[in-house]
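This report refers to the structure that appears directly beneath it.
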Amino acid sequence: MRVEAKILLGLGAFFGIMCAVYWNWSLENAGGVMMFAGMLLCFLPGSYYYWWSRRMKARPEDDPQATQSEGAGVVGSFPGSSIFPFTLGMGAFFVVLALVFGIWFLVPGLGLAAWAVLGATAEGRRGGHV
Amino acid sequence: MTDLITPQVAHADDGHHQEEHHGATGILKWMTSTDHKVIGLSYTVTSVVMLIIGGLFAEIIRAQLASPNGTIVSLAQYNELFTMHGSVMIYLFAGPFAFGGLANIIVPMQIGAPDMAFPRLNALSYWLYLMGSLTMLMGFFTAGGAANFGWVAYAPLSNSINTPGAGADLWIGGLLLTGFSAIFTGVNLTATIFYLRAPGMTMFRMPIFTWNMLVTAILILLAFPVLTAGLIMLYCDRHFGTHIYSVAGGGVPVLWQHIFWFWGHPEVYILALPFFGIATEIIAVFSKKPVFGYKSMVFATLTIGALSLGVWAHHMFTTGVVLLPFFSIMSLLIAVPTGIKIFNWIGTMWRGELWFSTAMLMALGFLFTFLIGGLTGVYLASPPLDFFTHDTYFVVAHFHSIVMALVLAGMGGLYYWGPKFTGYMLNEKFGKIQFWFLFIGTQVFTFPQYLLGLDGMPRRIPIYPHSPQWKSLNDWSTFGAILVGVSMIVFVVNVGYSWKRYPAGDNPWDAQTLEWFTTSPPPHHNFYRLPQIRSERPTWDYNHPEHRSLAHGAGGTGTHHEPPLANAIVGMLEHDQDHDA
Chain A
1 MRVEAKILLG LGAFFGIMCA VYWNWSLENA GGVMMFAGML LCFLPGSYYY
51 WWSRRMKARP EDDPQATQSE GAGVVGSFPG SSIFPFTLGM GAFFVVLALV
101 FGIWFLVPGL GLAAWAVLGA TAEGRRGGHV
Chain B
1001 MTDLITPQVA HADDGHHQEE HHGATGILKW MTSTDHKVIG LSYTVTSVVM
1051 LIIGGLFAEI IRAQLASPNG TIVSLAQYNE LFTMHGSVMI YLFAGPFAFG
1101 GLANIIVPMQ IGAPDMAFPR LNALSYWLYL MGSLTMLMGF FTAGGAANFG
1151 WVAYAPLSNS INTPGAGADL WIGGLLLTGF SAIFTGVNLT ATIFYLRAPG
1201 MTMFRMPIFT WNMLVTAILI LLAFPVLTAG LIMLYCDRHF GTHIYSVAGG
1251 GVPVLWQHIF WFWGHPEVYI LALPFFGIAT EIIAVFSKKP VFGYKSMVFA
1301 TLTIGALSLG VWAHHMFTTG VVLLPFFSIM SLLIAVPTGI KIFNWIGTMW
1351 RGELWFSTAM LMALGFLFTF LIGGLTGVYL ASPPLDFFTH DTYFVVAHFH
1401 SIVMALVLAG MGGLYYWGPK FTGYMLNEKF GKIQFWFLFI GTQVFTFPQY
1451 LLGLDGMPRR IPIYPHSPQW KSLNDWSTFG AILVGVSMIV FVVNVGYSWK
1501 RYPAGDNPWD AQTLEWFTTS PPPHHNFYRL PQIRSERPTW DYNHPEHRSL
1551 AHGAGGTGTH HEPPLANAIV GMLEHDQDHD A
């Protein structure tokens, strides 16, 4: 976990330095703001990982000497097939068409999206497909 | 060495689950699958179709330019064609082919994961990408035609007065959808690589392709939200009367360029890094050697990723409002890690046992073409040269060298990994014919464009002054484009000819990384068993116990000679890794 944290923190620090140099040198705001935001985007997960990496036990995937049996057990819970990504995708498609061809496309768009959100939640509640 | 174990995956309701995985077939399977291999294959097929559509646009453009007063298309149609050629190739082919197609299929297998971290989000990415592509192409069927402001949509050309009509709005809408699809894929790849690695697969044992996809995913997360925000502001300018990009209401048109290129230059590396990874894997396997300078390769990838966020305004040198020295220095610096990569590719081949399969030829073609594109990119990073060549065919030739190199590497990836995810090989003879058409065609169509650019021919013009020299150079360029078109036809014929003809076996190339340890095509959740992972090439170690890879950081004088700086930085990271364990 610590390598992952260091990569993100390193990138964030680099963007921070670049942001300071650029903003002071160019006095141009858009790029300065974007690099500052980029720094925050790296620091946020990076510091979270770093905080955890100092507290958690090393995972088998961080151990160079790990054997496969150390990873035995539940890897994760993976959903089976589901129609709701498709439904949500179509909903988003109709919402975008509403931007172009008329507001009434929002009715099928938001309808499909709402159906997908409710359906996926219910599917998760039923178990297995989370 | 013989430590094999079947990873277990939780299924709360096994009966129902089994039925769903083995029950749905055909179109219903395609629509409901959350398996990363099915989604990745959908992505790959869709993006290759987009490559062919974008290629057709390119052939029409080249046919128009074959004579100074071409009359194949009208001026308005020409604007739509070059806009949609660029948009389809950049937004709908190159990115999704790499991070949606090959990475989706290969990354979980390379790190020993059963699936992507968020399978339903992965499926949603694909549907957003497909519908976004259709939305963008729908513009051709509207009254005003497709978007025609160039793939960069500069303000104020893209406002509602200069570009009215539904085509431009469909372009914005399509990009919003594909943008979200890319962001979700970025989240998915990062989470998969951080959380789903097999035991023993430390960060510094991941294959270079996976490393490159990690950096690509982080770049997606940094860059794409900026574009999405910019597009929403553009839409507001067009329809809700805001003046973010118009001088009239106190806005700043050049802000669009800043936002666009703050996405656009990292996007160049989002496109390029996956293909660097593909080439690295291919060159290592077909040289029968480990990757030369593994750590410096990782270091170079991270450096390219970091620097790519500080170079956006080298596209804007001639606007006169950007800080020339800063962007020039940063852009020139990118040549250093890229040079390290090229050095390492040559080092990997050095004294290797080379096998010139189609995939290897494609990777070598990539190396050559990318070198030309990269070197001309160094010229363009210098403001005096850029002022001279800005918006000429020199720039067009530069980035077509780069992207055609990526097409070569991508085709190599299909020949290399195709047997893994389909279970069948492609015909090598057709493959080699395709390579020579593609490779020679690429050089023939880009090289005259460099000369045209230095002679001052502007880009995006449908007709040009009568001049024997320009005419013959454009003819050569068109001839090259036809060769590239033929290579695509050969590819399609090859896929048809080889359809279920040559069963591949698990490991046809005697490859090194984990995806070749499982069956072809892999089972649901990828692995029946995993080998012990002690280096970055576990499959090789398992198959060749007498030539096992040397572990990184295990002392001794390994085969790896790293540059001192990269060694110091990577050594720092590896120290933590040992500390973790």
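Protein sequence lines, in the order shown, are assigned to chains A and B. For the first sequence, this note's numbering gives the first residue as 1, with consecutive numbering after it. For the second sequence, this note's numbering gives the first residue as 1001, with consecutive numbering after it. A virtual CB, placed ideally from N, CA and C, is assigned to each residue, including glycine.
Status (buried if at least 16 other CB within 10 Å, exposed otherwise) for residue i
{"i": "B/K1500", "result": "exposed"}
{"i": "B/D1391", "result": "exposed"}
{"i": "B/Q1064", "result": "buried"}
{"i": "A/R125", "result": "exposed"}
{"i": "A/A114", "result": "exposed"}
{"i": "B/E1546", "result": "exposed"}
{"i": "A/E100", "result": "Note that residue 100 of chain A is Val in the sequence shown, not Glu. That one is buried."}
{"i": "B/P1266", "result": "buried"}
{"i": "B/V1336", "result": "exposed"}
{"i": "B/S1467", "result": "exposed"}
{"i": "B/K1429", "result": "exposed"}
{"i": "B/Y1294", "result": "buried"}
{"i": "A/M56", "result": "exposed"}
{"i": "B/L1081", "result": "buried"}
{"i": "B/Y947", "result": "No answer is possible for residue 947 of chain B: the residues shown for chain B start at 1001 and end at 1581."}
{"i": "B/D1014", "result": "In this prediction, B/D1014 scores a pLDDT of 39, lower than 50, which makes its location untrustworthy; the coordinate-derived value is nonetheless stated afterwards. Classification of B/D1014: exposed, given that the 10 Å Cβ count is below 16."}
{"i": "B/H1525", "result": "buried"}
{"i": "A/S138", "result": "The requested residue 138 of chain A does not occur in the structure, where chain A is confined to residues 1 to 130."}
{"i": "B/A1359", "result": "buried"}
8 Å Cβ cut-off: residues of chain A touching residue i
{"i": "B/M1201", "result": "E61"}
{"i": "B/G1040", "result": "Neighbours of B/G1040 on chain A: none; closest Cβ ~14 Å, over 8 Å."}
{"i": "B/Y1235", "result": "L99"}
{"i": "B/R1197", "result": "E61"}
{"i": "B/L1137", "result": "Those do not exist, as B/L1137 stays about 13 Å from chain A at its closest Cβ, beyond 8 Å."}
{"i": "B/G1173", "result": "V96, L97, L99, V100"}
{"i": "B/A1166", "result": "V100, F101"}
{"i": "B/D1169", "result": "L99, V100"}
{"i": "B/T1034", "result": "F78, P79, G80, S81, S82, P85"}
Neighbour list for residue i in chain B, Cβ cutoff strictly below 8 Å
{"i": "A/F14", "result": "A1306"}
{"i": "A/L106", "result": "Those do not exist, as A/L106 stays about 13 Å from chain B at its closest Cβ, beyond 8 Å."}
{"i": "A/L11", "result": "I1218, L1302, G1305, A1306"}
{"i": "A/G109", "result": "Going along chain B, no residue has its Cβ under 8 Å from A/G109, so there is no contact; the nearest lies around 11 Å."}
{"i": "A/I103", "result": "The contacting residues do not exist; A/I103 stays about 12 Å from chain B at best."}
Nearest-angstrom Cβ-Cβ length linking residue i and residue j, presumed shorter than 8 Å
{"i": "B/I956", "j": "B/A1123", "result": "Past the edges of chain B, shown from 1001 to 1581, lies residue 956 of chain B, and the structure says nothing about it."}
{"i": "A/T67", "j": "B/Q1532", "result": "6 Å"}
{"i": "B/S1133", "j": "B/M1050", "result": "6 Å"}
{"i": "B/A1279", "j": "B/A1066", "result": "Not really, about 33 Å apart at Cβ, beyond 8 Å."}
{"i": "B/A1191", "j": "B/A1306", "result": "Not confirmed; about 21 Å, so no contact."}
{"i": "B/Q1257", "j": "B/Y1424", "result": "Incorrect: roughly 47 Å between the Cβ atoms, too far for contact."}
Cross-chain neighbours of residue i in chain A, by beta carbon under 7 Å
{"i": "B/L1128", "result": "G89, A92"}
{"i": "B/F1194", "result": "E4"}
{"i": "B/V1226", "result": "M34"}
{"i": "B/L1176", "result": "V96"}
{"i": "B/M1031", "result": "I83, F86"}
{"i": "B/Q1532", "result": "T67, Q68"}
Partners in chain B for residue i, counting only beta-carbon separations shorter than 9 Å
{"i": "A/A120", "result": "R1120"}
Interface residues of chain B facing residue i [CB-CB closer than 7 Å]
{"i": "A/A66", "result": "P1199, G1200"}
Check: residue i C-beta below 8 Å from any heavy atom of the ligand FAD
{"i": "B/G1173", "result": "The ligand FAD is not part of the structure shown, which contains no ligands of any sort."}
Amino acids of chain A, ordered along the chain, whose beta-carbon sits closer than 9 Å to that of residue i
{"i": "B/A1155", "result": "Here the premise fails: no neighbours, minimum Cβ distance about 13 Å."}
Under 7 Å, CB to CB, which of the residues in the region 1498–1524 of chain B have a partner in chain A? none
Please name the residues in the region 74–98 of chain A whose beta-carbon is closer than 8 Å to at least one beta-carbon of chain B, in chain order. V74, V75, G76, S77, F78, P79, G80, S81, S82, I83, F84, P85, F86, L88, G89, M90, A92, F93, V96, L97
The region 1363–1372 of chain B in contact with the region 1302–1321 of chain B per 3-pair CB rule at 8 Å: no
Cβ-based contacts, 8 Å cut-off: residues of the region 21–33 of chain A near chain B: V21, Y22, W25, S26, E28, A30, G31
How about the region 1136–1145 of chain B and the region 1156–1174 of chain B: do they share at least three Cβ pairs that are nearer than 8 Å? Flag = yes, the region 1136–1145 of chain B and the region 1156–1174 of chain B touch.
In chain order, what residues of the region 1258–1277 of chain B put their CB closer than 8 Å to some CB of chain A? If you check each beta-carbon in the region 1258–1277 of chain B against every beta-carbon of chain A, the ones closer than 8 Å belong to H1258, I1259, F1262.
Would you be able to state if there are at least three C-beta pairs under 8 Å between the region 1395–1402 of chain B and the region 1376–1386 of chain B? yes
Residues of the region 1308–1328 of chain B in Cβ contact with chain A at a cutoff of 8 Å, in chain order, please. L1309, G1310, W1312, A1313, V1321, V1322, L1323, F1326
Three CB pairs or more closer than 8 Å across the region 1504–1520 of chain B and the region 1083–1098 of chain B: no
When you compare the region 1281–1290 of chain B with the region 1349–1357 of chain B, are there three or more beta-carbon pairs, one atom per stretch, that lie closer than 8 Å? yes
Is the region 1335–1346 of chain B in contact with the region 1287–1303 of chain B, if contact means three or more CB pairs nearer than 8 Å? yes
Please determine if the region 1147–1163 of chain B and the region 1096–1106 of chain B are in contact, where contact requires at least 3 C-beta pairs separated by less than 8 Å. no
Would the region 1173–1182 of chain B and the region 1226–1234 of chain B be scored as touching if the rule is three or more Cβ pairs under 8 Å? yes
The region 1099–1131 of chain B: positions lying closer than 7 Å to chain A by Cβ: P1114, D1115, P1119, R1120, A1123, L1124, W1127, L1128, M1131
Please identify, using Cβ separations under 7 Å, the residues of the region 34–51 of chain A that lie next to chain B, in order along the chain. Under the 7 Å Cβ criterion, the region 34–51 of chain A contributes M34, M35, G38, L41.
So does the region 1471–1486 of chain B actually touch the region 1441–1454 of chain B, counting three or more Cβ pairs closer than 8 Å? yes
Would you be able to state if there are at least three C-beta pairs under 8 Å between the region 1269–1279 of chain B and the region 1208–1217 of chain B? By the C-beta criterion, the region 1208–1217 of chain B is judged to be in contact with the region 1269–1279 of chain B, since at least 3 inter-stretch pairs fall below 8 Å.
Report the residues of the region 1063–1082 of chain B with a CB closer than 7 Å to any CB of chain A, ordered along the chain. none
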